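Enquirer: Numbering (mature numbering (1 follows the signal peptide of the UniProt record, and there is no 0)), first residue to last: -24 to -1, 1 to 251.
Here it is: the structure, laid out below.
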């Protein structure tokens, strides 16, 4: 069906006034992790059992090589993973994390929990320091391990992207940042859909105005959720606006006002020609 004159005018007016009809994807300016380095971690056993209780005969832990890996595509060169299982004491039910092309055939991270399991997964980027105790305790983080990375190296950087492939509802992701002086700030997000999320720098500064985003020493990502929650993620990184988004001007107030004043006449003309 051929568009009416009013419909055609609306389309041209929107484009000429600078209104974008789509949302541009942000650009990763500082990569935190592209999940290209393989890692596998799995926990079974008693309620509260963690990957660091392997020596405890009452805790049946199943885990593949180590809790830390190193390589390119990781901020600071090292990634630590820690999983804590809760919700059931059955040694047959597990919480697991799998990362990388060697395990999955592609660069991404997959987290899964068996029925009745409420696993909590923590990833830490704090340099060569290896996590040997619960990273949920701030004292176990090397707060200057990254040496002071400037997350505002570009003035347009505005947050940290968690790129989502799939995720269950009501999973909570919490991101914590430390500067090299030990100041910490955090931001959380509860997923209501499988959409990417950007943790805004303004949220971190609202939590702790003393955090120095020019001097970041450690990053911690913690995720937990309801029974049997699963999720898959592509990457984590500091982002700036897409050039497409930043190049589109805001519509001038005068143009919008003129457009609004013209609409009544267009409607009348449309009714006459439609008779």
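For glycine and all other residues, C-beta sits at the position ideal for the given N, C-alpha and C.
Being a predicted model, the structure only gives us computed values, none of them experimental.
1. Could you check if residue 137 is buried or exposed, using at least 16 other CB atoms within 10 Å of its CB as the buried criterion?
2. For the beta strand (DSSP E) that residue 46 lies in, which residues bound it at each end?
3. My understanding is that residue 123 touches residue 103, with C-beta atoms under 8 Å, so please give their C-beta distance in whole angstroms.
4. I need the straight-line Cα distance from residue 68 to residue 206, nearest angstrom please.
5. Can you name, in chain order, every residue of its own chain whose Cβ lies under 6 Å from the Cβ of residue 175, other than the five neighbours on each side?
6. For residue 171, which of helix, strand or coil comes out of DSSP?
7. State whether the segment 93 to 107 contacts the segment 56 to 75, with contact taken as three or more CB pairs (one from each stretch) at a distance under 8 Å.
8. Pull up the distance between the alpha-carbon of residue 121 and that of residue 156, whole angstroms please.
9. May I ask you to report which of helix, strand or coil DSSP gives residue 20?
10. Let me know if residue 113 comes out buried or exposed under the rule of 16 or more other beta-carbons within 10 Å of its beta-carbon.
11. Which partner residues does residue 149 have in the DSSP bridge list?
12. With residue 177 as the anchor, note down where its alpha helix (DSSP H) starts and where it stops.
13. On the CB-based measure, 16 or more other CB atoms within 10 Å of its CB, does residue 105 come out buried or exposed?
14. From the DSSP output, which residues share a beta bridge with residue 108?
15. Quickly, what does DSSP pair residue 85 with across the bridge? List them, please.
16. Report the three-state DSSP secondary structure of residue 126 (helix, strand or coil).
17. By how many angstroms is the C-alpha of residue 56 removed from the C-alpha of residue 85?
18. Going by DSSP, what residues sit across from residue 280 in a beta bridge?
19. To which residues of the same chain is residue 90 closer than 6 Å at the C-beta, ignoring the five residues directly before and after it?
20. Figure out for me which residue from 194, 203, 191, 141 has the closest Cα to the Cα of residue 173.
21. Do residue 203 and residue 63 have their C-beta atoms within less than 8 Å of each other?
22. Can you list, in chain order, the residues of its chain whose CB lies under 7 Å from that of residue 216, leaving out five sequence neighbours each side?
23. Look up residue 160 in the DSSP assignment and give the residues it is bridged to.
24. So what's residue 114 in DSSP terms, helix, strand or just coil?
25. From 160, 146, 154, pick the residue whose C-alpha is nearest to that of residue 199; which is it?
Expert: Result, derived from the coordinates:
1. The residue labelled residue 137 in the question sits at position 161 within the chain shown. By the neighbour-count rule (16 or more Cβ atoms within 10 Å), residue 137 is buried.
2. Along the chain shown, one-based indexing puts residue 46 at 70. Taken as a continuous stretch (DSSP letters only), the beta strand (DSSP E) holding residue 46 covers 44 to 46.
3. Within the chain shown, residue 123 is the residue found at index 147, counting from 1. Within the chain shown, residue 103 is the residue found at index 127, counting from 1. Contact annotation, residue 123 with residue 103: C-beta distance approximately 7 Å; criterion of less than 8 Å satisfied.
4. For this step, residue 68 is matched to residue 92 along the chain shown. For this step, residue 206 is matched to residue 230 along the chain shown. Rounded to the nearest whole angstrom, the C-alpha separation of residue 68 and residue 206 is 18 Å.
5. Within the chain shown, numbered from 1, the residue matching residue 175 stands at position 199. Cβ within range, chain order: 135, 136, 151, 163.
6. Counted from its first residue, the chain shown places residue 171 at position 195. Here residue 171 sits in coil by DSSP.
7. Cβ pair count under 8 Å is three or more, so yes.
8. As a working note, residue 121 is residue 145 in the chain shown. As a working note, residue 156 is residue 180 in the chain shown. Straight-line measurement puts the Cα of residue 156 at about 8 Å from the Cα of residue 121.
9. In the chain shown, residue 20 corresponds to position 44, counting from 1. Correct three-state label for residue 20: coil.
10. By one-based count along the chain shown, residue 113 stands at place 137. So residue 113 ends up on the exposed side.
11. Numbered from its first residue, the chain shown carries residue 149 at position 173. Note: residue 149 sits in a beta bridge opposite 165, 199.
12. Residue 177 sits at position 201 when you count from the first residue of the chain shown. Where residue 177 is concerned, the enclosing alpha helix (DSSP H) starts and stops at 177 to 183.
13. Numbered from 1 along the chain shown, position 129 holds the residue referred to as residue 105. By the Cβ neighbour-count rule, residue 105 is buried, with 16 or more other Cβ atoms within 10 Å of its own.
14. Within the chain shown, the letter at position 132 stands for residue 108. Within the DSSP bridge table, the entry for residue 108 names no partner.
15. Position 109 of the chain shown holds residue 85. Beta-bridge pairing links residue 85 to 75, 209.
16. Counting from 1 along the chain shown, the entry for residue 126 is found at position 150. In this structure, residue 126 counts as coil in the three-state DSSP scheme.
17. Translated into positions along the chain shown, residue 85 becomes position 109. Translated into positions along the chain shown, residue 56 becomes position 80. Approximately 13 Å between the Cα atoms of the pair.
18. Outside the shown range of the chain (-24 to 251) lies residue 280, about which nothing can therefore be said.
19. By one-based count along the chain shown, residue 90 stands at place 114. Cβ neighbours of residue 90 beyond the five flanking positions: 69, 70.
20. Here residue 173 refers to the residue found at position 197 of the chain shown. Per the Cα distances, 141.
21. Numbered from its first residue, the chain shown carries residue 203 at position 227. Numbered from its first residue, the chain shown carries residue 63 at position 87. It is a contact, given that the beta carbons lie within the stated cut-off.
22. On the chain shown, position 240 is the one that residue 216 refers to. Only 2, 3, 5, 130, 132, 133, 134 meet the Cβ criterion.
23. The residue given as residue 160 occupies position 184 in the chain shown. Paired residue(s): 154.
24. The residue labelled residue 114 in the question sits at position 138 within the chain shown. Helix, per DSSP.
25. To locate residue 199, count along the chain shown from 1; it is residue 223. Ranking the options by Cα distance to residue 199, first place goes to 146.
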